[in-house]
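Read through the structure below, which is laid out as structure tokens, and then see the notes.
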Amino acid sequence: MATLLYRLGRGSMRRRRLVAAIWLVVLVALGLAAATLRGPTASNFSMPGTESQRAIDLLAEQFPAAAGATGTIAVKAPNPGQLGTPEGQAVVQKVTEEATAVPGVVGAVNPFQVGAVSPDGQYALIQVQFSGGVDTVTDEQRDAYEKVGTQAQAEGWQVAPGGEVLNAEPEVGSTEAIGVAVALVVLIITFGSLVAAGMTMLNALIGVGVGMAGLFALSSVVELTSTAPILALMLGLAVGIDYSLFITSRYRQNLLDGLPADEAVGRAVGTAGSAVVFAGATVVIALAGLAVVNIPFLTVMGLAAAGTVTVAVLVAITLQPALLGFAGGRVLPRRLRSSVAVTTEDSSRIADGAGSASTDHAAPEAATLAGEDRSAFGFRWARLITRFRIPVILVGVIGLGLLALPASDMRLALPDAGTAPAGTPARVSNDLITEGFGPGFTGRLAVVVAGDDAQATTAAIPQVTNLVQGTENVLAVAPPQLSPDGKTALLGVIPQTGPTDPATETMVHDIRAAVADVPGADVLLTGVTAVGIDISEKLSDAMPVYLGLVVGLSILLLMLVFRSLLVPVKAALGFLLTVAATFGLTVAVFQQGHLADLVGLDTPGPLISFLPILLIGILFGLAMDYEVFLVSRMREDFVHGDTAQQATINGMGHGARVVTAAALIMTSVFGGFVFLDDPVIKSMGFALAVGVAIDAFVVRMTIVPAVMSLLDKAAWWLPRWLDRGLPNVDIEGEKLRATLDNKATV
Numbered sequence: 001m002a003t004l005l006y007r008l009g010r011g012s013m014r015r016r017r018l019v020a021a022i023w024l025v026v027l028v029a030l031g032l033a034a035a036t037l038r039g040p041t042a043s044n045f046s047m048p049g050t051e052s053q054r055a056i057d058l059l060a061e062q063f064p065a066a067a068g069a070t071g072t073i074a075v076k077a078p079n080p081g082q083l084g085t086p087e088g089q090a091v092v093q094k095v096t097e098e099a100t101a102v103p104g105v106v107g108a109v110n111p112f113q114v115g116a117v118s119p120d121g122q123y124a125l126i127q128v129q130f131s132g133g134v135d136t137v138t139d140e141q142r143d144a145y146e147k148v149g150t151q152a153q154a155e156g157w158q159v160a161p162g163g164e165v166l167n168a169e170p171e172v173g174s175t176e177a178i179g180v181a182v183a184l185v186v187l188i189i190t191f192g193s194l195v196a197a198g199m200t201m202l203n204a205l206i207g208v209g210v211g212m213a214g215l216f217a218l219s220s221v222v223e224l225t226s227t228a229p230i231l232a233l234m235l236g237l238a239v240g241i242d243y244s245l246f247i248t249s250r251y252r253q254n255l256l257d258g259l260p261a262d263e264a265v266g267r268a269v270g271t272a273g274s275a276v277v278f279a280g281a282t283v284v285i286a287l288a289g290l291a292v293v294n295i296p297f298l299t300v301m302g303l304a305a306a307g308t309v310t311v312a313v314l315v316a317i318t319l320q321p322a323l324l325g326f327a328g329g330r331v332l333p334r335r336l337r338s339s340v341a342v343t344t345e346d347s348s349r350i351a352d353g354a355g356s357a358s359t360d361h362a363a364p365e366a367a368t369l370a371g372e373d374r375s376a377f378g379f380r381w382a383r384l385i386t387r388f389r390i391p392v393i394l395v396g397v398i399g400l401g402l403l404a405l406p407a408s409d410m411r412l413a414l415p416d417a418g419t420a421p422a423g424t425p426a427r428v429s430n431d432l433i434t435e436g437f438g439p440g441f442t443g444r445l446a447v448v449v450a451g452d453d454a455q456a457t458t459a460a461i462p463q464v465t466n467l468v469q470g471t472e473n474v475l476a477v478a479p480p481q482l483s484p485d486g487k488t489a490l491l492g493v494i495p496q497t498g499p500t501d502p503a504t505e506t507m508v509h510d511i512r513a514a515v516a517d518v519p520g521a522d523v524l525l526t527g528v529t530a531v532g533i534d535i536s537e538k539l540s541d542a543m544p545v546y547l548g549l550v551v552g553l554s555i556l557l558l559m560l561v562f563r564s565l566l567v568p569v570k571a572a573l574g575f576l577l578t579v580a581a582t583f584g585l586t587v588a589v590f591q592q593g594h595l596a597d598l599v600g601l602d603t604p605g606p607l608i609s610f611l612p613i614l615l616i617g618i619l620f621g622l623a624m625d626y627e628v629f630l631v632s633r634m635r636e637d638f639v640h641g642d643t644a645q646q647a648t649i650n651g652m653g654h655g656a657r658v659v660t661a662a663a664l665i666m667t668s669v670f671g672g673f674v675f676l677d678d679p680v681i682k683s684m685g686f687a688l689a690v691g692v693a694i695d696a697f698v699v700r701m702t703i704v705p706a707v708m709s710l711l712d713k714a715a716w717w718l719p720r721w722l723d724r725g726l727p728n729v730d731i732e733g734e735k736l737r738a739t740l741d742n743k744a745t746v
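Quick look at the structure:
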């Protein structure tokens, strides 16, 4: 692989104008395709095979009028009892008529007809039924719905439209640009060159542009959830900058070693590029592996993010060499450019076919400049860690274990309006309903009764009503609504507790158990609350299986790379520590509310259902990224004759600066999404930022070298029979270096 990438890197640099033009054409073409073919994103989460989803499908088939999106308008009179007056009733009637006139609404129910008025006569609920599903409601319809009751509000009434119809795609604004700006500052400090930093950032942004444009172009034929593009943007930015950083860093080192520019690029792509391809492949495999969970919206999210990572890898190993060719020696700090200027310029002329020149005279001086500074922080840190390796391991493992403790209390659910940002229409309506009627009214359930004929359905309704009403924690059961043919009935169920309350989850299971044996009809429980419970349970059941798959895959892949048994096991255990500590911190902040103000969280609540399993897949790939970058240098020096201890110090000494920069960049990019208002995106950005920081700084740069020092030579042991059976992927480029050295000798 290293040899192939070496040729690709050299070829991309020599034909840099063609490569740059091709990527520019691809970017423009996909941008136009995205602008013309972009389809809507979905804000609902479907789960084939669950009871709640079967009920939704049944309603869509037999009772389409009840299968559309719903809204609830909360109305509060200025004074208690005012709804009992003719004037108050007239105001509510007017608001109901306004709701009925909203485009896409098939009907709005006057609360006095169904008794949806609070006992104190101050609050009322207007139920609104739309003809289409949540994802078919247009922005114009949603805007018109939000404006219902404007005149009543001017008269001192509170009117708050809410409900699932207000579920909209989270918007990416300017706050995440903070993370990109921080990443650019880190690049400038790391490289000491504006050209190198700007070029690396440009390369990453082009990759993100291509990936996101391709994703939106496909959105007309593939249903994307509203969070899928944002996840893809997060990962595309983070890995795009990191991968370009790795290759640029190796290219600069090669220049300082006296290599011509095209040779420096070739070797950079052949070595660091091999690590990039491997790291990208692990991320892609982990994300694509989400398909084994068999949850459609999660599969789409994983594949969307995997696509942007794939583009980031391709851009790094093709466009990055081309941009390095344009930059020449300007990727180096100003004080070092003169020593390699001749080398770079002559190489450029060779690449363009304008002549040739010997570069041997530049090598000695450049090599001197490239000499190792063993007083650098990376070497000093490595020596400190290896000296106190046992205390370091104990402190690191115990510390991460303590951070993981809150994870034992982790609860999963789909987001509800109660955790929406304060001041948003959905949150205002939710709070008003809770104030006037109690939390159960914000998470209504629906019981679907479907018989073979109208008589069977009618006969089953009283029994179902009694069974549901007798279930603990049920506040009320609404009168049934019948489909036109009478075969299907819909009963509204109001719990006493809110949608994400554990008592509500227990009630859902109790209702299903109670109505399971009703004769003559199928009885199914659904509603947004029931859907969320079903999805959370299925994801919780799938998480151990997926975690086992990821851990097993990490051991296998690292065994191929490092040809060792203990190094992969150590890496997998470190990954588990990272995941556990990340879960613990995320639960502590977003569920338990500790330091919630620091991340701008208004209301703590359960974590979004798919966050843990998604976090496992993403952190797995990113953890292997840093593992390969650090440990591959340790193995390289050990194979070439260094002691195991010295090889560990060398690997840390050479890799610490770049890994530190890469981790800071990823943490900054992910952290930039914490400033978004949407609590789901906020929690995803926080978890990924914390996970990367823990894995890079605590696990890979602290615990890993301490464990490697403790294992000594045993770290690199591999049975002979297994060594012969494993293919050699040559990620460190050993065969490439041997081939190039032989050519140089000849």
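In terms of UniProt numbering, the sequence shown is residues 1 to 746.
Here a beta-carbon is modelled for each residue, glycine too, at the ideal position from N, C-alpha and C.
Closest Cα partner of residue i within the set the options
| i | options | result |
| --- | --- | --- |
| Val-523 | Trp-23, Gly-207, Arg-14, Gln-53 | Gln-53 |
| Ala-183 | Phe-575, Leu-475, Leu-664, Gly-436 | Leu-664 |
| Ala-316 | Val-221, Asn-650, Trp-23, Pro-479 | Trp-23 |
| Pro-333 | Arg-252, Thr-603, Leu-287, Glu-263 | Arg-252 |
| Ala-580 | Val-474, Arg-724, Phe-673, Met-410 | Met-410 |
| Leu-287 | Thr-299, Phe-388, Val-569 | Thr-299 |
| Val-91 | Ala-152, Gly-39, Gly-68 | Ala-152 |
| Gly-84 | Ile-247, Gly-121, Thr-318, Gln-93 | Gly-121 |
| Ser-709 | Asn-294, Thr-648, Ile-616, Ala-514 | Thr-648 |
| Val-674 | Met-666, Thr-660, Ala-689, Val-698 | Ala-689 |
| Phe-63 | Gly-486, Asn-203, Gln-469 | Gly-486 |
| Glu-146 | Gly-133, Gly-132, Gly-162, Ala-154 | Gly-162 |
Residues bridged to residue i (per DSSP)
| i | result |
| --- | --- |
| Lys-76 | Tyr-123, Gln-158 |
| Val-493 | Leu-445, Val-477 |
| Phe-638 | Note: Phe-638 sits in no beta bridge, so no partner. |
| Ala-34 | Answer is none; Ala-34 lacks a bridge partner. |
Which of helix, strand or coil DSSP assigns to residue i
| i | result |
| --- | --- |
| Ala-228 | helix |
| Val-447 | strand |
| residue 750 | Residue 750 is absent from the model: the chain starts at 1 and stops at 746. |
| Gly-390 | One point to set straight first is that residue 390 is Ile, not Gly, in the sequence displayed. Three-state result, Ile-390: helix. |
| Thr-368 | Reliability fails at Thr-368, whose pLDDT of 35 lies under 50, so the model's placement of it is uncertain and no value is given. |
| Gly-520 | coil |
| Ile-608 | strand |
| Pro-727 | coil |
| Ala-108 | strand |
| Phe-697 | helix |
| Phe-629 | helix |
| Leu-525 | strand |
| Gly-71 | strand |
| Leu-384 | helix |
| Thr-488 | strand |
| Thr-3 | helix |
| Ala-376 | coil |
Cutoff 6 Å; reference residue i; Cβ partners in own chain excluding five residues on either side
| i | result |
| --- | --- |
| Phe-677 | In the sequence as displayed, the identity of residue 677 is Asp instead of Phe. The answer, listed in chain order, is Pro-421. |
| Gly-653 | Gly-378, Phe-379, Ala-382 |
| Tyr-123 | Lys-76, Gly-436 |
| Gly-725 | none |
| Ala-327 | Val-195, Met-199 |
| Gln-387 | The sequence given here places Arg at residue 387; Gln does not occur at that position. If we look at Arg-387 and ignore the five residues flanking it on each side, it has no Cβ neighbours. |
| Ser-358 | Because the pLDDT at Ser-358 is just 35, under 50, the model does not fix this residue reliably, and the value given afterwards should be weighed accordingly. No residues qualify anywhere along the chain. |
| Ile-56 | Thr-526 |
Cut-off 7 Å between Cβ atoms - residues of its own chain near residue i, not counting five sequence neighbours on either side
| i | result |
| --- | --- |
| Thr-100 | Gly-107, Ala-108 |
| Ser-540 | Leu-412 |
| Leu-432 | Ala-74, Lys-76, Gln-158, Ala-160 |
Residue i at chain B interface by Cβ criterion, 8 Å
| i | result |
| --- | --- |
| Thr-500 | The question asks about chain B, but that chain is absent: this structure has only one protein chain. |
C-beta contact flag for residue i and residue j at 8 Å
| i | j | result |
| --- | --- | --- |
| Val-148 | Val-159 | yes |
| Ala-312 | Ser-632 | no |
| Leu-482 | Ala-489 | yes |
| Thr-465 | Leu-491 | yes |
Neighbourhood of residue i by C-beta distance below 8 Å, restricted to the same chain and skipping five residues each side
| i | result |
| --- | --- |
| Val-704 | Lys-570, Ala-571, Gly-574, Glu-627, Leu-630, Val-631 |
| Ala-341 | Note that Ala-341 scores 47 on pLDDT, short of 50, meaning its location in the model is unreliable and no value can be drawn from it. |
| Ile-188 | Leu-194, Ala-197 |
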